[in-house]
Each structure stands twice: as structure tokens, then as C-alpha cells.
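Peer 1: Before we start, here is the structure in question, set down as C-alpha cells.
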Amino acid sequence: MLSHKLSSELHSIHDTLTLHNGLAIPCMGFGTYKTTLDGTSRILKTAIVEGHRYFDTASFYGNEMLVGEAIHDSGLPREEFFIASKVWRTEMGYEKTLMAFENSCKRLGTDYLDLYLMHWPRPDLVDPDWRELCAETWQAMEDLYLVGRVRAIGVCNFLPHHLEPLLDRCRIVPMVNQIEFHPGYPNLATVNYCQERGIVVQAWWPFCRGRIFGDDLIQKLCAKYGATPAQICLRYAIQKGVIPLPKSSTPERMRENQNVFFFEISKEDMYRLDSLPQIGWSGEHPDRVKIPQV
Ligand SMILES: NC(=O)c1ccc[n+]([C@@H]2O[C@H](COP(=O)([O-])OP(=O)(O)OC[C@H]3O[C@@H](n4cnc5c(N)ncnc54)[C@H](OP(=O)(O)O)[C@@H]3O)[C@@H](O)[C@H]2O)c1
6 MLSHKLSSEL
16 HSIHDTLTLH
26 NGLAIPCMGF
36 GTYKTTLDGT
46 SRILKTAIVE
56 GHRYFDTASF
66 YGNEMLVGEA
76 IHDSGLPREE
86 FFIASKVWRT
96 EMGYEKTLMA
106 FENSCKRLGT
116 DYLDLYLMHW
126 PRPDLVDPDW
136 RELCAETWQA
146 MEDLYLVGRV
156 RAIGVCNFLP
166 HHLEPLLDRC
176 RIVPMVNQIE
186 FHPGYPNLAT
196 VNYCQERGIV
206 VQAWWPFCRG
216 RIFGDDLIQK
226 LCAKYGATPA
236 QICLRYAIQK
246 GVIPLPKSST
256 PERMRENQNV
266 FFFEISKEDM
276 YRLDSLPQIG
286 WSGEHPDRVK
296 IPQV
């Protein structure tokens with residue numbers, strides 16, 4: 006299994022996978038959603054002190070300025086960081102995407118991004134022309150890539166049937182697809198589809214906000230490998246060749262989440278994790294109204 010072989014070569018969050026254009030991307034990023042609810046960049050600054058250099062943000066998160074502030078105040082050179090942002094649903098379309106990109110850069114205090122992602126394949130559930138809008142949005146992202154404003158481009162929440170029409174028309178195959186991925190909802194159809202085409206998958210909600218931590222199998226694997234539930238979830242992603250983007254608020258958890266290279270989940274246990282009944286799903290699906298979860 007290719008991803009298994011790759012994971013054994015990774016020893017820290019600074020080790021990298023290679024995107025299809027040759028760009029090295031860290032094997033774990035830091036999720037920034039809801040990290041600035043106190044109106045400050047305090048948690049982001051802590052993440053930098055704790056070693057994080059890859060920040061996943063989005064115009065939708067409303068925190069790009071604070072991400073930029075944390076990076077600026079660190080005093081470290083821009084090139085030490087890997088910054089990803091996303092074009093939101095209401096910003097789709099060729100001209101609007103170019104504008105959204107400039108606004109994100111301005112807020113982040115940078116003139117280039119390491120990764121720019123289309124946040125969702127559909128602006129809403131009623132627009133019958135979503136394929137066209139995706140193609141136009143993608144064209145703008147390709148142009149930004151071709152002039153060197155962004156080092157890699159990709160998508161989020163694209164299932165195979167959203168990728169197919171894009172792949173039919175694109176000049177550049179997306180380098181990344183960021184999807185919900187965790188034990189209990191590993192989205193394997195999409196993971197396999199992407200990996201067969203050289204598209205690196207990233208995991209949002211890598212531990213679905215802790216909802217699966219009490220699961221029997223997760224608990225058994227914790228005892229077997231001497232790991233915490235969060236570490237099992239992150240290690241599962243890494244061994245699947247998937248880049249997890251955990252968010253945490255405390256230095257202790259940040260350290261715990263980075264410390265996932267001291268054990269290897271066996272092949273049999275990986276199959277067990279692959280085959281868990283569905284648990285912890287966020288309720289988000291690109292073709293459906295969000296289904297509230299209890
Ligand atoms: N592309 C998309 O559509 C999309 C959608 C959703 C999310 N995302 C990205 O994915 C990132 C991750 O998602 P998320 O932040 O919503 O969820 P998550 O990372 O699955 O879970 C975060 C929650 O887990 C807790 N936690 C963190 N480390 C822990 C540990 N070691 N032990 C116990 N609990 C721990 C955190 O608590 P504390 O904060 O209190 O430590 C927080 O409540 C986001 O920040 C965002 O960047 C992308």
C-alpha cells in the first residue's frame with residue numbers, strides 16, 4: 006500500500022508529501038477555524054511557538070488578518086510558513102475569484118499563497134450552472150498559479166462526481182482535495198478516486214471534534230498502541246496518505262497532536278478503522294442541506 010510506505014518515512018509534522026507539481030507540503034497542518042473567537046491571535050501565536058508552520062485558513066473564517074498578524078509578529082521569514090486559504094461560495098466566478106484572492110493576500114499580509122482552494126463545489130443547492138461556475142473559478146485559480154501568485158491550487162469538499170466535470174475541462178489537475186475525513190467517516194470513495202489521480206487528500210475534522218473518542222475500537226487501539234484517541238485519529242490519516250488539519254487551543258494538545266510518529270497502526274487495525282460503522286459525521290454534504298447531528 007503506497008500510503009503505508011510513505012507514512013513510514015514521515016517522522017515529524019515538518020516532513021513532507023509531494024504534490025503532483027513537485028511542491029513539498031507538510032504532512033500535518035494547523036486548522037484555524039474558530040481559533041480567534043476571542044478576537045486575538047493568541048492561539049495562533051502559541052501554535053507557532055509549538056512548532057506549527059502550516060496554517061489552514063479561509064476567507065469564510067474571518068480570521069485571515071489575525072493569521073497574518075501571528076505570522077508577522079513571529080519575526081520568522083514568510084518562506085518558513087505554508088499558508089493556505091480558500092475562495093468562498095459567494096466569491097466564485099472568474100473576476101470575483103481574482104478579487105477574493107487579492108483580498109485574502111492583503112488580509113494575510115503576503116503577496117503569495119502556498120495553497121489556494123475552492124471551498125465548495127456548489128455555490129448553493131439551486132444553481133443548475135454550478136459546473137460552469139466551478140470551471141470559471143478554477144480558470145482564475147489556474148491563472149493565479151501560472152503567474153506564480155500561488156504555489157499550488159486545489160479544491161475542498163469535491164466528491165468524484167464534482168471532480169469529473171472539472172477534470173474534463175481543466176488545464177491543471179487540482180493538487181489537493183480537502184474533505185471531511187476521520188474514523189467513522191473516511192470518505193474512502195473520494196480518497197481512492199483522488200489518490201488514483203495524484204490528488205493529495207487532506208482531512209478536515211480529523212477527530213470530528215472529539216465525537217468518536219469514546220468509541221470501543223478507538224479505545225482498544227489507544228490501549229494497544231499507548232496513544233490517545235486524538236493520536237489514533239491523526240495517525241490513521243497519515244497512514245492513509247491523508248494530511249490532517251487538527252485544531253487545538255492549548256499547548257499540551259498541540260504537542261500531543263504533533264506526537265504521532267512513535268507508533269504504527271497495523272494493517273489489520275487500519276482495515277478495522279476503515280470499516281467502522283458511520284459515526285461522528287458533521288452532517289455536511291455538498292449536495293444536501295446540512296443535517297443537524299445530535
Ligand atoms: N474545507 C472545509 O470545508 C473545512 C470544514 C471544516 C474544517 N476545516 C478545517 O479543518 C480544521 C479542523 O477542523 P475543526 O477545527 O472544526 O475540528 P477538529 O480539528 O476535528 O476538532 C477540534 C476540536 O478537538 C479538540 N481537540 C484538539 N486536540 C485535542 C486532543 N488532543 N484531545 C482532545 N481534544 C482535542 C479541540 O479542542 P480545543 O480547541 O479546546 O483544544 C476542538 O474542540 C479547521 O480548523 C479548518 O481549518 C475545513
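Following my numbering, the numbering of the sequence shown begins with 6 at its first residue and continues without gaps.
In this text, a Cβ means the ideal position worked out from N, Cα and C, and glycines have one as well.
1. Identify every run of the alpha helix (DSSP H) within the segment 22–95, keeping only runs that are complete inside it and at least 4 residues long; order them along the chain.
2. Measuring only from the beta carbon, is residue 261 closer than 6 Å to any heavy atom that is part of ligand 1?
3. Using C-beta distances below 8 Å, list every residue in its chain close to residue 155, excluding the 5 sequence neighbours before and after it, in chain order.
4. Compute the beta-carbon to beta-carbon distance between residue 51 and residue 88, rounded to the nearest angstrom, for a pair I have assumed lies under 8 Å.
5. May I ask you to report which of helix, strand or coil DSSP gives residue 208?
6. Return yes when the C-beta of residue 37 is under 6 Å from any heavy atom of ligand 1, and no when it is not.
7. Verify whether the separation of the beta carbon atoms of residue 32 and residue 20 is less than 7 Å.
8. Since residue 250 and residue 188 are thought to touch, with beta carbons under 8 Å apart, how far apart are those beta carbons, to the nearest angstrom?
9. Out of 258, 161, 130, state which residue places its alpha-carbon closest to the alpha-carbon of residue 63.
10. Just how far apart, CA to CA, sit residue 222 and residue 273?
11. Which residue from 216, 262, 34 puts its Cα closest to that of residue 58?
12. Hey, is residue 251 close to ligand 1, as in C-beta under 6 Å from one of its heavy atoms?
13. Is it buried or exposed, residue 86, if we count other Cβ atoms within 10 angstroms and call 16 or more buried?
14. Assess, as a yes-or-no matter, whether the segment 259–277 is touched by the segment 197–210 under the definition of 3 or more beta carbon pairs within less than 8 Å.
15. Is residue 83 close to ligand 1? I mean its beta-carbon at under 6 Å from any heavy atom of the ligand.
16. Measuring straight from C-alpha to C-alpha, what distance separates residue 26 and residue 266?
17. Distance check for residue 178 and residue 233, CA to CA, integer angstroms please.
18. According to DSSP, what are the bridge partners of residue 249?
19. For the candidate residues 141, 129, 193, 205, whose alpha-carbon lies nearest to that of residue 159?
Peer 2: In short, the structure shows the following:
1. 47–54, 69–79
2. On the sequence shown, residue 261 is found 256 positions in, with the first residue counted as 1. Within the cutoff, so yes.
3. One-based indexing of the sequence shown puts residue 155 at position 150. The answer, listed in chain order, is 106, 117, 118, 119, 120, 121, 146, 149.
4. Within the sequence shown, numbered from 1, the residue matching residue 51 stands at position 46. Within the sequence shown, numbered from 1, the residue matching residue 88 stands at position 83. With 8 Å as the limit, residue 51 and residue 88 do not qualify as a contact, their Cβ atoms being about 18 Å apart.
5. Here residue 208 refers to the residue found at position 203 when the sequence shown is read from its first residue. Residue 208 falls in the strand class under three-state DSSP.
6. Taking the sequence shown and counting its residues from 1, one reaches residue 37 at position 32. It does: the Cβ of residue 37 is within 6 Å (strictly closer) of some heavy atom of ligand 1.
7. The residue labelled residue 32 in the question sits at position 27 within the sequence shown. The residue labelled residue 20 in the question sits at position 15 within the sequence shown. The answer is yes: Cβ separation under 7 Å.
8. Position 245 of the sequence shown, counted from the start, is the residue given in the question as residue 250. Position 183 of the sequence shown, counted from the start, is the residue given in the question as residue 188. Incorrect: roughly 16 Å between the Cβ atoms, too far for contact.
9. Along the sequence shown, one-based indexing puts residue 63 at 58. Of 258, 161, 130, the residue nearest in Cα terms is 161.
10. As a working note, residue 222 is residue 217 in the sequence shown. As a working note, residue 273 is residue 268 in the sequence shown. Using only the alpha carbons, I get a separation of about 12 Å.
11. For the purposes of this step, residue 58 is taken as residue 53 along the sequence shown, with counting starting at 1. Residue 34 is the option with its Cα nearest to residue 58.
12. In the sequence shown, the residue the question calls residue 251 occupies position 246. Yes; taking the cut-off as 6 Å, the Cβ of residue 251 has a heavy atom of ligand 1 nearer than that.
13. Taking the first residue of the sequence shown as position 1, residue 86 is located at position 81. It is buried - the Cβ of residue 86 has at least 16 other Cβ atoms within 10 Å.
14. no
15. Counted from its first residue, the sequence shown places residue 83 at position 78. Every heavy atom of ligand 1 is 6 Å or more from the Cβ of residue 83, so no.
16. Taking the sequence shown and counting its residues from 1, one reaches residue 26 at position 21. Taking the sequence shown and counting its residues from 1, one reaches residue 266 at position 261. Answer to the nearest angstrom: the Cα atoms are 26 Å apart.
17. Your numbering for residue 233 matches position 228 in the sequence shown. Your numbering for residue 178 matches position 173 in the sequence shown. Roughly 37 Å separates the two Cα atoms.
18. For the purposes of this step, residue 249 is taken as residue 244 along the sequence shown, with counting starting at 1. 208, per the DSSP bridge assignment.
19. To locate residue 159, count along the sequence shown from 1; it is residue 154. Of 141, 129, 193, 205, the residue nearest in Cα terms is 205.
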